[in-house]
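Chains V and D, in that order, give the protein sequences.
Here numbering that gives the first Met the number 0 is used: the first residue of the first sequence is 0, the next is one more, and so on.
Here numbering that gives the first Met the number 0 is used: the first residue of the second sequence is 0, the next is one more, and so on.
To start, the structure itself, in structure tokens.
2 protein chains.
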Amino acid sequence: MAHHNIDVQSAFEAVCALFHNLKPREKEKIRANFTCSYIRRGEIIFRDGEVPSGLVCLYKGKVKIFKEGVGGRDQIVRMARPVGFFGYRAMFADENHIATAEALEDSIICTIERDCLLEILKTNANLTFHILKSLATELGFSNNRTITLTQKHIRGRLAESLLFLRDTYGLEDDGQTIKVYLSREDLANLSNMTTSNAIRTLSGLCNESVIDLDGRRIKILDAYRLDRISNLG
Amino acid sequence: MAHHNIDVQSAFEAVCALFHNLKPREKEKIRANFTCSYIRRGEIIFRDGEVPSGLVCLYKGKVKIFKEGVGGRDQIVRMARPVGFFGYRAMFADENHIATAEALEDSIICTIERDCLLEILKTNANLTFHILKSLATELGFSNNRTITLTQKHIRGRLAESLLFLRDTYGLEDDGQTIKVYLSREDLANLSNMTTSNAIRTLSGLCNESVIDLDGRRIKILDAYRLDRISNLG
DNA sequence: ATAAAAATATGCTGTTAAGCATCTACGGTT
DNA sequence: AACCGTAGATGCTTAACAGCATATTTTTAT
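The structure is reproduced here in structure tokens:
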């Protein structure tokens with residue numbers, strides 16, 4: 000989108016800061032294969048089935064990564080926050096994407112061209128090891144998530160999602176409001192339930208004064224109880 | 000178990016074959032930090048919460064890796080087959096184990112001491128990249144599995160598990176019998192259902208001549224239909 | 001060989017959450 | 001401001017599956 004001025008150099012520096020132990024020559028190489036683009040809320044960044052073009056980084060905004068399940072019911076598998084990578088799994092596994100990425104708000108994303116990055120990785124063991132570690136951590140999350148989504152009851156799943164969103168995006172200055180505004184449908188798709196049940200369960204938690212609702216603004220009033228609901232409910 | 004003669008050298012060569020691009024010096028180093036042990040059916044190899052001692056490799060036998068869920072209901076997150084690694088996620092993520100590994104039959108496992116391996120990885124980018132790729136692939140599996148376990152119906156989940164077991168352990172010489180003999184409970188824990196429902200659903204598939212049951216022996220009579228049930232049921 | 005324990009089979013009941021349908025509130029467009 | 005479309009709220013009904021009880025078979029230990 001040419002009408003938006005993106006400070007590519009700032010974005011580049013921010014993205015590079017995510018890499019550790021980058022040699023000057025490697026940094027130059029990345030600079031030459033680095034692109035930025037402005038993405039509108041609701042726009043798709045990549046789709047399930049597509050070939051990964053490179054390493055994608057979220058510089059500004061929020062992005063959900065989801066898989067379409069049986070009967071058009073989506074499951075959100077990841078929420079990206081700035082500054083951080085996403086959509087790298089498929090690239091490293093040498094596979095097509097197995098999920099779709101969509102901007103939740105107007106965002107700026109950067110891409111490092113695939114071959115450029117792979118070349119660097121093949122000679123920089125430290126960097127490769129660093130990424131390996133991230134993948135191992137994420138695999139742990141994913142395994143935990145499988146247990147959560149299959150075994151916890153609706154209230155527990157929703158409570159966990161709210162805590163997850165708080166931990167991922169933080170709180171507003173009031174120290175209570177979760178810094179992300181999701182539709183009830185997205186909240187449902189994150190927590191493996193129908194939209195109706197997300198609405199119902201949110202109302203329930205609100206009636207019990209565990210949370211407070213104001214449209215899509217969600218305030219956590221009683222984090223301790225929410226945590227208990229997540230762990231035992 | 001000293002009364003069992005394990006051919007450590009053969010095991011060592013088999014394990015090394017899993018690594019690609021191993022330099023002679025690195026191989027020597029691994030040999031010096033390589034141990035083997037005999038594990039009885041039902042024995043625990045590592046437990047949820049423990050510190051990973053090193054890279055574990057299954058040389059002979061079968062191993063399940065599971066997480067204890069809410070209310071003592073386990074979820075099997077991985078099935079290891081020889082010759083292959085398991086329990087490496089926690090080590091690479093620098094975390095304690097988040098699951099328990101138990102031998103499904105008498106097995107031989109080998110361990111490469113942790114620091115030894117990490118040292119090699121930090122200088123061998125090719126090898127590190129290879130492992131990175133494996134982790135990325137496994138993360139894809141895990142994400143797919145989350146969708147399956149949460150969205151498919153019982154029949155679909157069980158059918159998928161049977162196909163998964165066939166693909167993991169292969170078939171007996173008759174070309175039909177799955178080469179692993181799990182309890183109904185393990186089958187249930189693999190498919191996210193109660194033992195009762197695993198038994199019921201297996202009986203159902205047997206009545207429909209999709210599979211044949213003889214104790215723990217499971218024959219796939221109609222792989223095409225089983226596949227359809229997995230994908231649509 | 002026999003007792004005890006574990007695994008398997010099967011039926012019945014209850015709960016959870018999905019599937020709908022209906023109604024209301026809100027947001028963006030003309 | 002009036003319109004439309006989407007999102008949110010809420011109630012009712014039903015399907016899927018868990019939970020439990022009991023019976024039977026198989027395995028393990030002594």
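By construction, the Cβ of each residue, glycine as well, lies at the ideal position given by its N, Cα and C atoms.
Keep in mind the model is a prediction, meaning the values are calculated, not measured.
In the three-state DSSP reduction, Gln-150 (chain V) falls in the helix class (H, G or I). At a C-beta separation below 9 Å, Glu-94 (chain V) has these neighbours in chain D: Ala-135, Thr-136, Gly-139.
Distance from the CA of Ala-13 (chain D) to the CA of Tyr-58 (chain D), rounded to the nearest whole angstrom, comes to 8 Å. The C-beta of Lys-63 (chain D) has 16 or more other C-beta atoms within 10 Å across all chains shown, which makes the residue buried.
As far as DSSP is concerned, Leu-225 (chain D) takes part in no beta bridge.
By the rule that beta-carbons nearer than 8 Å mark a contact, Phe-128 (chain V) touches chain D.
At a C-beta separation below 7 Å, Ile-146 (chain D) has these neighbours in chain V: Lys-66, Gly-68, Gln-74. Interface annotation, Ile-97 (chain V): in contact with chain D, CB-CB separation under 8 Å. Sixteen is the threshold: when 16 or more other Cβ atoms of the shown chains lie within 10 Å of the Cβ of Asn-123 (chain D), as they do, the residue is buried.
At least one beta carbon of chain V lies nearer than 8 Å to the beta carbon of Phe-91 (chain D). About 19 Å separates the beta carbon of Gly-68 (chain V) from that of Gln-74 (chain D), a gap too long to meet the 8 Å contact definition.
By the C-beta density criterion, Pro-23 (chain D) is exposed, having fewer than 16 other C-beta atoms within 10 angstroms. Asn-125 (chain V) has its alpha-carbon roughly 13 Å from the corresponding atom of Glu-25 (chain V). Taking the CA atoms as reference points, Cys-35 (chain V) sits about 28 Å from Ile-177 (chain V). Counting C-beta atoms within 10 angstroms of its own C-beta, Glu-159 (chain V) has 16 or more neighbours from the protein chains shown and is therefore classed as buried. Contact between Pro-51 (chain V) and Gly-83 (chain V) fails: their C-beta atoms lie close to 16 Å from each other, not under 8 Å. Thr-167 (chain V) and Asp-6 (chain V) have their C-alpha atoms roughly 25 Å apart. About 7 Å separates the CB atoms of Ala-197 (chain D) and Leu-157 (chain D); that is less than 8 Å, so the two are in contact. Counting only Cβ-Cβ distances below 9 Å, Leu-120 (chain D) has contacts in chain V at Ala-124, Thr-127, Phe-128, Leu-131, in chain order. Neighbourhood of Lys-22 (chain D) in chain V, by CB distance below 9 Å: empty, with the nearest CB roughly 13 Å away. In this structure, Ser-106 (chain V) sits near Lys-61 (chain V), with a CB-CB distance shorter than 8 Å. Bounds of any alpha helix (DSSP H) do not take in Arg-72 (chain V), whose DSSP letter is neither H nor E.
Judged by DSSP secondary structure, Arg-88 (chain V) falls within the alpha helix (DSSP H) whose first and last residues are 87-92. The beta carbon of Arg-46 (chain V) sits no closer than 8 Å to any beta carbon of chain D.
In this structure, DSSP gives Thr-136 (chain D) a helical state, which the three-state scheme calls helix. Taking 8 Å as the threshold, the shortest C-beta distance from Asn-196 (chain V) to chain D does not fall below it. Residues of chain D whose Cβ lies closer than 7 Å to the Cβ of Arg-88 (chain V) are, in chain order, Ala-135, Leu-138, Gly-139. Annotation: Gly-53 (chain D) is outside any alpha helix (DSSP H); the continuous beta strand (DSSP E) that includes it extends over 53-59. For Asn-191 (chain V), the closest C-alpha among the options D:Ile-38, D:Phe-91, D:Ile-146 is that of D:Ile-146. Rounded to the nearest whole angstrom, the CA to CA distance from Glu-27 (chain D) to Ala-187 (chain V) is 53 Å. Spatial neighbours of Ala-98 (chain V) in its own chain (CB-CB distance under 7 Å, excluding positions within 5 residues in sequence) are listed in chain order as Asp-47, Ile-64, Phe-65, Lys-66, Val-76. A direct Cα-Cα distance of roughly 13 Å separates Thr-110 (chain V) from Leu-117 (chain V). Across the region 147-160 of chain V, CB contacts with chain D closer than 7 Å involve Leu-148, Thr-149, Gln-150, Lys-151, in sequence order along the chain. For Glu-112 (chain V), the three-state secondary structure derived from DSSP is strand.
Inter-residue distance for Arg-199 (chain V) and Asp-226 (chain V) is about 19 Å (C-alpha atoms, whole angstroms). In the displayed model, Leu-117 (chain V) falls within a helix according to three-state DSSP.
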